[in-house]
Amino acid sequence: MALVRAAQQTPSSKAFRCCRYHVFLSFRGQDTRKTFTDHLYTALVNAGFRTFRDDDEVERGEAIKPELQKAIKHSRTSVIVFSKNYASSRWCLDELVMILERLSADHVVLPVFYDVDPSDVRNQTGSLAKAFARHQRTQPSNRVKEWRKALAEVADLAGMVLQNQADGHESKFINKIAQVIGEKLRRRPLIVPHIMIGMHSQINELNLWLQDGSDDVGILVIYGMSGIGKTTIAKSLYNTNFKRFDGSSFLENIREISQLPNGLVQIQIHLLSDILYGRKVKIQSVSKGMTEIEDAISSKKVFLVLDDVDHISQLDVVLRMKDQFYPGSKIIITTRRAGLLKAHQVTKVHAVETLTQEESLELFSWHAFGQDHPIEDYIEYSEKLVDHCRGLPLALQVLGSSLLGESIGVWKSALEKLKVIPNGEIVNKLRVSYDSLQDDHDRKLFLHIACFFIGKDKDYIAKILDGCDFYTIVGIQNLIDRCLVIINGCDKVQMHDLIRGMGREIVRLESNEPWKRSRVWHHKDSFKILTEKNGTETIEGLVLNMHMCPAINSNEKVLETNAFSRMRELKLLHLSHVQLNGSYAEFCTGLRWLCWTKFPLDSIPVDFPLESVIILEMQYSSLRQVFKGTKYLPFLKILDLSHSHSLTETIDFSYCPNLEKLDLVDCTSLIYVHGSIGNLEILIYLNMKDCKNIRMLPKNIYVEMINLLGLCNLLESIAPIRMYALYRNLQEDDPIPIQGLYQYGIFSTFFGGNEVPGQFSHKRRGSSISFTVPLLDNHRTRGLIVFVVYVNADYDSPIIHHNYFTDMTVKNKTSGLRGIYYPSFYGIPGEGEDMIWLSHWNLDDQLEGGDEVVVSVIMKSGLLVKELGIRLVQVQQEANHNMMSISTDSSSDNRIWYNKRLGDSDEEDKREEVFSRFVCLPDEEEEQQDDITVATTTGSNYSGGLRGWKVLAACFCCPVGMKM
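UniProt numbering numbers the first residue of the sequence shown as 1 and each following residue consecutively.
Below you can see the structure in the form of structure tokens.
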């Protein structure tokens with residue numbers, strides 16, 4: 001017997017490759033073998049479909065041959081040619097029964113009624129009646145019943161009737177059949193993982209958007225880091241929805257294909273082939289392809305998925321022709337680049353999240369054990385591996401599959417290896433985003449962050465790396481765009497652990513010898529380099545914490561300063577519990593960042609070359625004085641000496657004229673702050689909390705702020721209050737002295753009181769007040785002071801707003817701008833007591849005479865606003881240069897107003913403005929701090945979960961006896 005098969009194979013999805021044949025032909029040989037069926041077979045083969053037909057002319061035995069059974073099983077479609085004598089063959093009828101058993105989403109059946117009416121097939125009438133009369137006499141009744149049922153079922157399927165189509169012309173009819181087969185083969189579900197833990201809720205949400213019935217042309221962007229499940233979600237959405245559209249196409253791996261010669265043309269050909277049901281289109285150029293695509297998409301509702309897009313040029317077809325798409329068409333784009341498209345170009349954006357710990361363990365278990373939970377003896381190791389993966393589906397699948405069936409010893413060894421060397425398959429997948437960065441600048445920036453700056457404040461990193469010839473802010477934005485880093489609510493730069501591992505692996509592969517690598521973050525490697533004094537010019541950054549080298553007694557081991565002499569390119573140095581002996585004259589001179597926790601000397605040696613240092617941090621140091629003598633530090637912007645309990649005096653600040661932030665928290669022996677601090681023109685942050693022995697502050701510190709708020713005569717008499725730290729959900733039960741809070745250009749303080757003072761020109765009972773800015777010649781309005789009186793009321797009172805947050809909103813109705821502020825800390829009055837919230841908004845000349853302004857305040861549940869007062873801060877134009885600005889930071893991050901027009905809903909504003917800019921959540925490090933009223937933005941000691949603190953009015957909590 002000869003089996004005739006198609007010789008040509010068309011490229012398609014993985015689903016095609018799992019079957020041997022595209023089409024199985026079922027027919028009555030005596031009727032159509034050499035006529036209609038032969039022509040149909042030839043047409044299918046010429047169209048590129050692998051087609052099976054049985055060419056055996058000999059009468060078969062009782063059972064269907066094994067070759068036919070396998071052919072049916074391994075075919076994607078079956079075409080059944082019903083002719084007058086089809087039902088007279090019991091073998092044809094048995095074949096029909098087997099074909100219908102395969103009928104499913106994976107196997108399409110197309111009945112073709114050649115010279116018989118579908119109703120005769122359904123009811124076994126006409127020519128079929130004679131055949132079944134004979135079968136009734138010769139075959140078992142149950143077999144005949146099965147045949148009748150099969151014929152009735154197949155007649156109800158959507159089929160093709162010769163007399164109803166192409167006016168009975170067989171050649172046209174055959175071409176139509178080949179076209180329909182092409183459409184059905186190409187519009188097939190894609191293969192998706194059988195196990196999709198944690199994705200169903202995301203898929204359901206996106207399905208609602210796809211199925212909303214809108215006639216709008218919608219573009220959905222699904223973005224996230226490599227291996228997080230973007231393509232899997234997109235395939236599932238495609239499978240669920242493609243039949244709702246007149247044409248559909250899933251274009252995989254666009255990034256890779258577009259890099260091939262003529263790659264974009266190949267993508268266009270694939271797209272046209274899909275939505276035109278396999279019609280061959282010749283395209284010589286991208287512009288020609290765009291013309292063809294425009295014709296195709298304008299006449300039918302299509303569903304397109306563009307997978308793994310990483311450059312805007314790959315989307316030109318979609319974006320340029322958006323208005324040409326047929327109404328109701330939908331486009332899904334998956335990408336690693338969060339900022340690939342601008343907001344006005346897309347309808348919906350979906351960020352794919354990592355899995356929860358519970359979901360991760362379930363997914364890992366399916367791959368490692370073939371069940372939804374670990375085997376008992378492997379639970380501990382499974383949990384450690386899942387923790388290592390940090391919710392990334394790719395990593396869970398790769399590691400789980402690699403350990404399937406392995407012994408506990410292998411699992412333990414794999415865990416130890418992962419601590420040093422990440423899995424290569426995972427690294428290669430994640431590295432795609434790194435390699436796609438546009439230049440070495442962004443790649444080096446990424447490696448610096450991966451090795452040294454995860455968890456640090458964005459502005460803090462920018463200060464350091466801008467001094468290393470980086471363009472940090474735009475560079476970080478490029479990293480965010482490729483999902484390599486994120487900025488959390490507290491403005492800290494965060495990175496997925498596996499992304500960090502990928503970055504550090506890139507550095508590790510620079511050389512087998514650590515001293516020849518650009519960055520050294522392993523403490524053991526750093527210790528070896530310094531001990532053996534083999535550092536090189538290659539090293540740009542180094543970290544050493546002696547407590548992370550447990551085999552070494554850090555109190556006894558003293559290293560030499562000359563170990564750094566050869567590291568001429570060293571700019572980033574982080575030491576902890578390290579003791580150095582020797583002269584610093586030959587120490588590396590290019591340091592931009594020096595963080596030395598537990599600095600052991602009582603003063604910094606004068607020969608220490610710190611002239612290029614931008615940030616100097618010496619927390620928990622043994623310093624008694626910063627320098628013996630003077631040291632000019634022209635580039636120093638941040639000085640952190642917090643928790644240096646032996647420090648008695650500060651430096652002469654005239655030698656660091658560019659100092660912006662000074663942290664002296666818990667310097668318990670500090671007595672004197674040099675008077676030159678008052679001459680620092682750009683100092684925007686000073687924290688002196690718990691400096692218990694200080695006796696004198698320069699008179700010019702914060703005097704204007706205190707006078708401006710009218711507090712100069714109140715500080716001594718105001719009673720301590722209880723405070724609430726919002727984002728740590730922590731209430732301080734013990735009263736504390738009055739504190740100053742400065743965030744986002746807004747200064748606030750809280751204290752006991754029950755009425756608005758007389759100098760507030762606008763007053764009103766309730767939680768909202770309106771006023772018009774007066775027109776005054778030669779005056780400008782710098783801001784306004786808001787005086788809020790609120791009370792601790794019954795939580796269940798019907799007039800209480802049930803809110804989690806406390807907020808103050810200022811709306812300029814004339815300009816249409818709005819600012820909304822959520823204080824991170826606020827005072828809690830006793831039951832039935834009143835409290836004052838006094839707040840100064842520096843509006844930077846954004847209020848003009850005649851503007852109509854509305855101020856409203858909503859307090860947290862249980863607190864009720866009783867009265868509001870407003871006082872405008874206006875100054876004469878000619879006196880402006882003598883006035884001290886409350887907000888000395890003019891960066892855009894601290895402006896109050898945001899470009900939100902009036903008319904946007906309040907709820908939308910809260911989501912978009914507040915949650916994206918103001919809300920700060922504590923991390924693990926912050927939760928360990930016990931300071932609920934002040935915060936610092938320098939380094940890892942940033943306590944209180946606050947972003948954007950600029951000034952702490954230290955004089956608000958002056959110890960008894962301190963002079964001003």
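Don't be surprised by glycine CBs; every beta carbon is placed ideally from N, CA and C.
In the structure shown, Ala351 falls within a strand segment according to DSSP collapsed to helix, strand and coil. Contact between Ile332 and Val305 is confirmed by a C-beta separation of about 5 Å, below the 8 Å threshold. By the C-beta criterion, the stretch 238-251 is judged not to be in contact with the stretch 449-465, since fewer than 3 inter-stretch pairs fall below 8 Å. Nearest to Asp442 by alpha-carbon distance, out of Val474, Ser748 and Lys419, is Val474.
Between Ile836 and Gly753, the gap from beta carbon to beta carbon is short of 7 Å.
Within the stretch 745-778, the beta strand (DSSP E) runs of at least 3 residues that lie entirely inside it are, in chain order, 746-752, 762-765 and 768-772.
If you draw a straight line from the Cα of Val221 to the Cα of Met98, it comes to about 44 Å.
The three-state reading of DSSP puts Pro374 in coil, since its state is none of H, G, I, E or B. If only complete runs of 3 or more residues are kept, the stretch 32-103 shows the beta strand (DSSP E) at 51-54 and 75-82, in order along the chain.
Taking 7 Å as the cut-off, the Cβ atoms of Leu404 and Ala368 count as close. Burial state of Arg137 is exposed, judged by a 10 Å Cβ sphere holding fewer than 16 other Cβ atoms. Here Asn488 carries a coil assignment [DSSP, helix/strand/coil].
Ser815 and Lys763 have their C-alpha atoms roughly 23 Å apart. Rounded to the nearest whole angstrom, the CA to CA distance from Asp491 to Glu649 is 32 Å. Going by DSSP, Leu447 is part of the alpha helix (DSSP H) stretching over Asp440 to His448. Looking from the CA of Tyr822, the closest CA among Lys661, Val810 and Gly182 belongs to Val810. Judged by beta-carbon spacing, Trp209 lies beyond the 7 Å limit of Lys342, meaning their Cβ atoms are not closer than that value. Judged by their CB atoms, Leu580 and Thr561 are nearer to each other than the 7 Å cut-off. Uninterrupted beta strand (DSSP E) stretches at least 3 residues long and entirely within the stretch 672-698 occur at 685-687, given in chain order.
Per DSSP, reduced to three states, the secondary structure at Phe635 is coil, with no helix or strand assignment. Rounded to whole angstroms, the separation of the alpha carbons of Ser622 and Leu680 is 26 Å.
Per DSSP, the beta bridge partners of Asp807 are Ile858.
Sorting Ile769, Cys691, Gly827 and Pro757 by C-alpha distance to the C-alpha of Thr749 places Gly827 at the top. Here Gln397 is buried: its Cβ has 16 or more other Cβ atoms, across all protein chains shown, within 10 Å. The beta carbon of Asn488 sits closer than 6 Å to those of Gln494, all from its chain and outside the five residues before and after it, given in chain order. Judged by DSSP secondary structure, Cys595 falls within the beta strand (DSSP E) whose first and last residues are Trp593 to Thr597. The beta-carbon separation of Ile80 and Arg102, rounded to 12 Å, does not stay under the 8 Å limit for a contact. Around the Cβ of Gly391, a 10 Å sphere holds 16 or more other Cβ atoms; the residue is buried. When the beta-carbon positions are compared, Leu633 and Cys656 come within less than 7 Å of each other. Each residue's CA atom was taken as its position, placing Pro422 and Leu157 some 54 Å apart. It is roughly 11 Å from the alpha-carbon of Ile746 to the alpha-carbon of Ile820.
Here the alpha carbons of Ser75 and Lys282 stand approximately 29 Å from one another.
Spatial neighbours of Leu479 in its own chain (CB-CB distance under 6 Å, excluding positions within 5 residues in sequence) are listed in chain order as Phe446 and Val485. The stretch 191-210 makes no contact with the stretch 142-156; the number of CB pairs closer than 8 Å stays below 3. Closest option to Gln846, judged by alpha-carbon separation, among Gly467, Cys595, Thr781 and Leu573: Thr781.
At least 7 Å separates the beta-carbon of Val875 from that of Gly783.
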